[in-house]
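Position 25 of the sequence shown, counted from 1, bears residue number 25 in our numbering, the numbering being contiguous throughout. For reference, the structure discussed in these notes is given below.
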Amino acid sequence: MTDSKSIMCFGDSLTWGWIPVVEGAPTQRYAYEKRWTGVMSNELGNDYRIIEEGLSARTTSADDPNDPRLNGSEYLPSALASHLPLDLVIVMLGTNDTKSFFHRTPFEIANGLGKLLSQIGGCAGGVGTMYPAPKTLVVAPPPLTDMPHPFFQGMFGGGHEKTVHFAQQFRDLADFMKVDFFNAADVISTDGCDGIHFTEKNNETLGKALAVKVREVLS
1 MTDSKSIMCF GDSLTWGWIP VVEGAPTQRY AYEKRWTGVM SNELGNDYRI
51 IEEGLSARTT SADDPNDPRL NGSEYLPSAL ASHLPLDLVI VMLGTNDTKS
101 FFHRTPFEIA NGLGKLLSQI GGCAGGVGTM YPAPKTLVVA PPPLTDMPHP
151 FFQGMFGGGH EKTVHFAQQF RDLADFMKVD FFNAADVIST DGCDGIHFTE
201 KNNETLGKAL AVKVREVLS
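Laid out in structure tokens, this is it:
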């Protein structure tokens, strides 16, 4: 039997498993087997090991004024070194970069994602090891939808218009940096009642689709 392949999933609340609620927050987390990561793991089987690195409100490379933990580019190098050896890193980020106070354009968000891709490509060696850098799969989150809570409406003001450009901007970035790409909007929409997060069905559909993509990338 061959060694299992290790896949790290680096993302925000969509990876963490945030259960959407009309009032916005607080909430709870979907059970592991209901999150897209768990669904993907079940589809892939025992020859694959899934490592979850999801943090709600995480950005690509922007410093959140309310929480210093949320800049993905500040944490990713440590996460990579911690989990090596890795065969693949799946990155699904960008939604939180559309928050109104960041003033980021879709291209600037893709550029922030590019910083993460450079970190993954340059992580060979780790700390005191000689492991190679893993492959990378960029996943563009689906566009935001109508938000019932006025605070979320203000927080993500203009966010829908930005997220509709994610697929093309992220695809172009992936092509430029020679990594794999998957558009989540090809299989799901954002159906959660808060307009931001995934339903249980969204998670199931995305997890199954990504399992197919992962086999293709690692074949």
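Glycine included, every Cβ here is placed at the ideal spot set by N, Cα and C.
Please report how far the alpha carbon of residue i lies from the alpha carbon of residue j, in whole angstroms.
i: Glu161; j: Gly192; result: 18 angstroms
i: Ile221; j: Pro134; result: Coverage of the chain is limited to positions 1 through 219, which leaves residue 221 absent and any answer about it impossible.
i: Arg29; j: Ala211; result: 21 angstroms
i: Thr105; j: Leu14; result: 21 angstroms
i: Gly114; j: Pro65; result: 22 angstroms
i: Phe198; j: Asp47; result: 27 angstroms
i: Val164; j: Ser78; result: 31 angstroms
i: Met155; j: Thr129; result: 42 angstroms
i: Cys123; j: Val89; result: 11 angstroms
Determine, using beta carbons only, whether residue i and residue j come nearer to each other than 7 angstroms.
i: Thr37; j: Glu52; result: yes
i: Asp146; j: Gly195; result: yes
i: Glu43; j: Lys213; result: no
i: Asp180; j: Leu144; result: no
i: Arg243; j: Asp12; result: Absent from the model: residue 243. The displayed extent of the chain is 1 to 219, so no value can be given.
i: Glu204; j: Val21; result: no
i: Pro141; j: Ala110; result: no
i: Met177; j: Val139; result: no
i: Thr231; j: Gly45; result: Residue 231 lies beyond the residue range present for the chain, which begins at 1 and ends at 219; the question has no answer from this structure.
i: Leu70; j: Tyr131; result: no
i: Trp16; j: Ser41; result: no
Residues in the same chain with beta-carbon distance under 8 angstroms from residue i, minus the five sequence neighbours each way, listed in chain order, please.
i: Phe151; result: Gly24
i: Val187; result: Thr205, Leu206, Ala209
i: Ala172; result: The displayed chain sequence assigns Asp, not Ala, to residue 172. Same-chain partners within the cutoff: Ala110.
i: Arg215; result: Leu44
i: Thr27; result: Trp18, Ile19, Pro20, Val21
What are the partner residues of residue i, as DSSP defines its beta bridges?
i: Asp180; result: Leu137
i: Thr278; result: Not covered by the structure: residue 278. The range shown for the chain is 1 to 219.
i: Cys9; result: Glu52, Ile90
i: Asp64; result: Asp67
i: Arg29; result: Trp18
Please return the same chain residues whose Cβ sits closer than 7 angstroms to the Cβ of residue i, not counting the five positions on each side in sequence.
i: Leu76; result: Phe10, Leu116, Gln119
i: Gly87; result: In the sequence under discussion, the amino acid at residue 87 is Asp, which differs from the Gly named in the question. Only Lys5, Ser6, Ile7, Pro134, Lys135, Leu218 meet the Cβ criterion.
i: Gly157; result: Ser100
i: Ala167; result: Ala140, Asn183, Ala185
i: Phe107; result: Gln169
CB-CB under 6 angstroms to residue i, same chain, minus the five flanking residues each way: which ones, in chain order?
i: Val127; result: Ala81
i: Glu200; result: Lys34
i: Ala62; result: Asp97, Phe102
i: Gly121; result: Ala133
i: Ser189; result: Pro142
i: Ile50; result: Ile7, Thr37, Ser41
i: Gly159; result: Thr98, Leu144
i: Glu74; result: none
In chain order, each beta strand (DSSP E) run of at least 3 residues that lies wholly inside the region 116 to 160: 135 to 140
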